[in-house]
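First comes the structure, then the notes that go with it.
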Amino acid sequence: SRPINVDLWFWTKLLTGITVLVAAFYGPLLVVLFATHPDPLKLILDPDAFAAQLSVFAVFAAAVMTTCLIRHAIYAAILSTTVVYIGVLSGLVLWFLAGLIGWVDLTRHGWMEPEDNAPVIFGMALSFVVSTLIAWLAVRYDWGRKN
193 SRPINVDLWF WTKLLTGITV LVAAFYGPLL VVLFATHPDP LKLILDPDAF AAQLSVFAVF
253 AAAVMTTCLI RHAIYAAILS TTVVYIGVLS GLVLWFLAGL IGWVDLTRHG WMEPEDNAPV
313 IFGMALSFVV STLIAWLAVR YDWGRKN
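Take the sequence shown: its letter number 128 is residue 320 in our numbering, and every next letter is one higher.
What follows is the structure in structure tokens.
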């Protein structure tokens, strides 16, 4: 049999992992939420809830990236939280710089304690995208620790 294309293998594994993550985390939560809450869509679309939901995906992508790079699941799990913190901090710095340039209004919130979650959500999304791209490149070009 012919081996599978590396890109197809990576994206299939990543999407399968995200699907399992969503089903395991949010399936039971959504069943209970829709059964008990009078207005579940308002609760789901709340910016605080959205930031928490996005953090799960950012941690997953960081764990995939660190697993691909160091090839040791325990160390990857430990390092993935650091990667997410670095990603969120980078997103906050970029948000602040965008505010200094004038692209983002910084008068509504402060730098260290924002009133809205937009900088944190941006940092989580940035962490997810960058971690996913680095993981894909690590698998594609066989980066990582070799035995």
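Even glycine gets a Cβ: it sits at the ideal position worked out from N, Cα and C.
Checklist entry - Cα-Cα, which of Val285, Lys234, Phe217 and Val212 is closest to Gln245? => result When only C-alpha atoms are compared, the closest one is Phe217.
Next on the checklist: Can you look up Tyr333 in the DSSP assignment and give me helix, strand or coil?
Outcome noted: Coil at Tyr333, not helix or strand.
Next on the checklist: Taking contact to mean 3 or more Cβ pairs, one atom from each stretch, closer than 8 Å, check whether the segment 318-325 and the segment 265-280 are in contact.
Outcome noted: With a cut-off of 8 Å, the segment 265-280 and the segment 318-325 count as touching, because enough Cβ pairs lie within range.
Next on the checklist: Count Cβ pairs between the segment 245-264 and the segment 208-215 that sit closer than 8 Å; are there 3 or more?
Outcome noted: Yes: the two stretches touch, three or more of their Cβ pairs being nearer than 8 Å.
Next on the checklist: Comparing C-alpha positions only, which one of Gly283, Ile313 and Cys260 sits nearest to Val198?
Outcome noted: Looking at the Cα atoms, Cys260 is the closest of the given residues.
Checklist entry - Hey, Phe202 and Val331 are a contact pair by Cβ (cut 8 Å); roughly how many whole angstroms apart? => result Sure, about 5 Å apart at Cβ, within 8 Å.
Item to check | Thr208 to Leu200 span [Cα, whole Å] | outcome: Those two C-alpha atoms are separated by around 12 Å.
Checklist entry - By the 10 Å Cβ neighbour count, where 16 or more other Cβ atoms means buried, how is Thr258 classified, buried or exposed? => result So Thr258 counts as buried.
Checklist entry - Quick one: Cα of Gly160 to Cα of Leu298, how far? => result This structure cannot speak to residue 160, because the chain is shown only from 193 to 339.
Item to check | Trp287, enclosing alpha helix (DSSP H) - first and last residue | outcome: Per DSSP, Trp287 belongs to the alpha helix (DSSP H) from Ala265 to Ile293.
Checklist entry - Would Ile270 be called buried (16 or more neighbouring beta carbons within 10 Å of its own) or exposed? => result Under this definition Ile270 is an exposed residue.
Next on the checklist: Contact defined as beta carbons within less than 8 Å: I believe Arg263 pairs with Gly336. What is the distance between those atoms, to the nearest angstrom?
Outcome noted: That belief holds up - the Cβ atoms of Arg263 and Gly336 are roughly 5 Å apart, short of 8 Å.
Item to check | For Val275, the nearest candidate out of Pro195, Ala327 and Lys205 (CA to CA) | outcome: Minimum Cα distance to Val275 is reached at Ala327.
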